[in-house]
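**Student:** Numbering (my numbering) for the sequence shown: 781 to 982.
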Amino acid sequence: VCQGVAGRVSSIPPSVFTEVWAPSLRFGCYPLLGGLNWFAFVRTSESDELAPDPHGFLLERTRDWTAPGHKVIAATPPDAVTCAEVVAREPLERWTDGRVALLGDAAHAMTPFTGQGACQAIEDAVVLAECLRGEPDVPAALRRYEARRLPRAVEIWKRSWAAAASAAKKTRTVDPARRDAFAARFERVVWAQLEQTIVQPF
Ligand SMILES: Cc1cc2nc3c(=O)[nH]c(=O)nc-3n(C[C@H](O)[C@H](O)[C@H](O)COP(=O)(O)OP(=O)(O)OC[C@H]3O[C@@H](n4cnc5c(N)ncnc54)[C@H](O)[C@@H]3O)c2cc1C
Numbered sequence: 781v782c783q784g785v786a787g788r789v790s791s792i793p794p795s796v797f798t799e800v801w802a803p804s805l806r807f808g809c810y811p812l813l814g815g816l817n818w819f820a821f822v823r824t825s826e827s828d829e830l831a832p833d834p835h836g837f838l839l840e841r842t843r844d845w846t847a848p849g850h851k852v853i854a855a856t857p858p859d860a861v862t863c864a865e866v867v868a869r870e871p872l873e874r875w876t877d878g879r880v881a882l883l884g885d886a887a888h889a890m891t892p893f894t895g896q897g898a899c900q901a902i903e904d905a906v907v908l909a910e911c912l913r914g915e916p917d918v919p920a921a922l923r924r925y926e927a928r929r930l931p932r933a934v935e936i937w938k939r940s941w942a943a944a945a946s947a948a949k950k951t952r953t954v955d956p957a958r959r960d961a962f963a964a965r966f967e968r969v970v971w972a973q974l975e976q977t978i979v980q981p982f
């Protein structure tokens, strides 16, 4: 995954999250601190081609786009583009041992496709603090923390893998009617999942 922060691009509304699924690249951007934070997923098999000049590679991949992407990448200084391989792993079955506890990626590193890794780390921290507050038996508090957090984190980890699997599928060009129907359905599914994640107590 490559990431960058561009200055404002006049053709992109300042409050909209945009995703483009094109055969050449999957791209997304959203406003952040007066600029546009963006990401682009490139297949691992293309990493040799990407490595010498990620900015140039991405500009070339988006050259013919009418959708947002090319302008955003062009508005990013080349040295502000960073790329890293996505690494995720199975969540651990145990997060605590005596007075030691894991949280965040150390316990449940997930794929970035649902934007939940840091959110789950923050939830871990909130619950850990709640469990420790006023509890003199630290190992017991840590076990309670694990019991409260593990099922939810694993559930969200599974969703991140389902999203990664759909992102890994080859994208092809379809007619505008099918594209719009798919985009509307995708938006409904994403909102439903987001709502479910946010409203569930943790
Ligand atoms: C491309 C991408 C996009 C993402 N997008 C989102 C998103 O939109 N929303 C979201 O919620 N999450 C997102 N995430 C996931 C999120 O970044 C991680 O889940 C989150 O950073 C995990 O936080 P953490 O504190 O557990 O671990 P880390 O952020 O990895 O922090 C661990 C820290 O420990 C330090 N460290 C390691 N070893 C030692 C040592 N021996 N001594 C001292 N320090 C050490 C490391 O340097 C690091 O600073 C994304 C991840 C990626 C890769």
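Every residue gets a Cβ at the ideal spot worked out from N, C-alpha and C, and that includes glycine.
1. Between the alpha carbons of Q980 and R923, how many angstroms are there, rounded?
2. Cβ of C809 within 7 Å of Cβ of W801?
3. Please list the segments of the alpha helix (DSSP H) lying wholly inside the stretch 785-856, counting only runs of 4 or more residues, in order along the chain.
4. If we count Cβ pairs, one from each stretch, closer than 8 Å, do we get three or more for the stretch 881-889 versus the stretch 843-854?
5. Could you check what DSSP says for V880 in three-state terms: helix, strand or coil?
6. Please tell me whether, using a cut-off of 6 Å, the distance from the CB of G884 to the nearest non-hydrogen atom of ligand 1 is below it.
7. Could you spell out the range, first to last residue, of the alpha helix (DSSP H) harbouring W937?
8. Taking 6 Å as the cut-off, is the C-beta of G914 nearer than that to any heavy atom in ligand 1?
9. Starting from A886, trace the alpha helix (DSSP H) in both directions and tell me its first and last residue.
10. Consult DSSP for Q783 and reduce its assignment to one of helix, strand or coil.
11. Using 6 Å as the cut-off, classify the Cβ of V906 as near or not near the heavy atoms of ligand 1, replying yes or no.
12. Could you say which of H888, R959 and F962 lies nearest to E935 if we only look at CA atoms?
13. Quick one: what does DSSP say T977 is sitting in, helix, strand or coil?
**Tutor:** By the coordinates alone:
1. Their backbone Cα atoms lie some 21 Å apart in a straight line.
2. For C809 and W801, no; Cβs fall outside 7 Å.
3. 827-830, 834-841 and 850-854
4. no
5. strand
6. yes
7. V918 to A948
8. Checking the Cβ of G914 against ligand 1 gives no.
9. Per DSSP, A886 belongs to the alpha helix (DSSP H) from D885 to H888.
10. Q783: strand per DSSP, three-state reduction.
11. no
12. H888
13. helix
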